[in-house]
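Quick notes on the structure that follows.
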Amino acid sequence: MSTENHNDEIDLNQIFKMIKESFRNFLKLIISAILFYKKNAVLFIVLCIVGLALGYLLDTYRDTSVSHNQEIIIEPKYNSTKYIYDFIQGLEDNLKDNALLNKIGITEESVKNIKEITIEPLVKGTDVLDNLQERYENREFFKDIMEAYDENQIEEEKFRDFYKHHKLVFIYKSNSQENEQITKSILDYIKLNTYYKELIVTTLKQKKSSLEQNKNTLRFIDEYLINLSNNPLKIEKGTMVISNSDKEELPTVSVASLLQKKELLLELIYEQERIITFDKELFSFVNYGNIITTKNKIVNRSLFSVPLLLIGVVSLFYFIRRLFRKMNEFVNENN
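At position 206 of the sequence shown (counting the first as 1) the number is 204 in our numbering, and the numbers step up by one without a gap.
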């Protein structure tokens, strides 16, 4: 047993010696590097100054660019968000088609000035929740959806058609009088989709019919209430129908619920008038921004990288020279 313990102690001592020697070599390497940079401090200070000067010049004169951006905020209608996104995202390839350019009304030369066209939702968590509540109204599992709501998930692509507003950005390479016309032509062409044009016509026609019917019903309620006020003991019978193209037809109501039905009618009439007034096209403009020219600068990208690059190259040169010298000494010792 004593012999085994003695061997274990020897093995541990050897391991500790190896660790100690490795740590000593590591410290020697750090000290050597410090002494090297200390010995050549003047050289590296000069390299640092020269690198800062070169980096500043590069940042000032080479890393600047001018962009011509036009930001437009739109509100899609008639569940057209996916169609608009697909059109914009495929526009880069589609603009290579001369037939499409002729339909849009822009020339091949003017397209070359388009650098990029992007679209993204203006993320607002309440838009998602409002949309879900509207879709799943009076359903028990909406409560579970509310409880499972995660703020981090609302930026996912599957939620983008829930958002009310979206930002379109047109980026042009150079300033041209045609830029604004290009933007207008592309946006006008998006609205020319045959399916959505027919859907809009049909929907507005239906809304106008429902609006007229609801106004007639509202007049009936007002007249009924006036007559009832003038003749409290006289109860007239009548049929009253509230028409709403989005909801089921409401049944005949009693006198006791007239005020409640009147309030509902006012809300429906307001909503229908809003749709007839503002939803005449595939999307409406929330903000139609002008083209803004900005000077973009990548700040200090070269100011620090150039000095580090010079110092690194010189350090590598000295390291290779020293390594070659050590190799040469090793070869001569063996001889």
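Backbone N, C-alpha and C fix where the C-beta goes; we use that ideal spot for every residue, glycine too.
Item                                                                                                                                         : Value
Provide the residue span of the beta strand (DSSP E) that contains Thr116, from first to last.                                               : Ile112 to Pro119
What does the Cβ neighbour count give for Gln68, buried or exposed, with the cut at 16 atoms within 10 Å?                                    : buried
Do you know offhand how far Lys189's Cα is from Lys213's?                                                                                    : 31 Å
Tell me the residue span of the alpha helix (DSSP H) that contains Ile184.                                                                   : Asn177 to Ile188
Per DSSP, what kind of secondary structure is Asn11 in: helix, strand or coil?                                                               : helix
Which residue from Phe14, Phe42 and Asn77 puts its Cα closest to that of Tyr193?                                                             : Asn77
So is Phe21 buried or exposed if we call it buried at 16+ other beta carbons inside 10 Å?                                                    : exposed
Using only the alpha-carbon positions, how far apart do Lys260 and Ile219 sit?                                                               : 7 Å
Quick check on this structure: which residue in Glu107, Glu118, Leu223 and Ile102 has the alpha carbon closest to the alpha carbon of Tyr83? : Glu118
Let me know if Lys15 comes out buried or exposed under the rule of 16 or more other beta-carbons within 10 Å of its beta-carbon.             : exposed
Could you check the C-alpha separation between Lys182 and Val284 for me, to the nearest Å?                                                   : 15 Å
Within this structure, are the beta carbons of Gln270 and Lys205 separated by less than 8 Å?                                                 : yes
By how many angstroms is the C-alpha of Tyr54 removed from the C-alpha of Thr275?                                                            : 56 Å
Roughly how many angstroms lie between the CA atoms of Val109 and Ser282, to the nearest whole one?                                          : 25 Å
Could you tell me the boundaries of the beta strand (DSSP E) in which Ile104 lies?                                                           : That residue, Ile104, is in no beta strand (DSSP E); it is neither H nor E in DSSP.
Which one or two residues does DSSP pair with Thr292 in a beta bridge?                                                                       : Ser65
Which ranges would you report for the alpha helix (DSSP H) in the stretch 17 to 99 if only whole runs of at least 4 residues count?          : 39 to 59, 79 to 87 and 89 to 92
Among Lys278, Ile309 and Glu178, whose alpha-carbon lies nearest the alpha-carbon of Thr405?                                                 : What is shown of the chain runs -1 to 333, which leaves residue 405 out entirely.
Per DSSP, which one or two residues make a beta bridge with His164?                                                                          : Ile72 and Pro119
In this structure, how does DSSP classify Ser255 when only helix, strand and coil are distinguished?                                         : helix
As a quick exercise: from His66, Asn96, Asn191 and Leu25, pick the residue whose alpha carbon is nearest that of Glu176.                     : His66
Mind checking Val304: buried by the 16 CB within 10 Å criterion, or exposed?                                                                 : buried
To which residues of the same chain is Lys37 closer than 8 Å at the C-beta, ignoring the five residues directly before and after it?         : none
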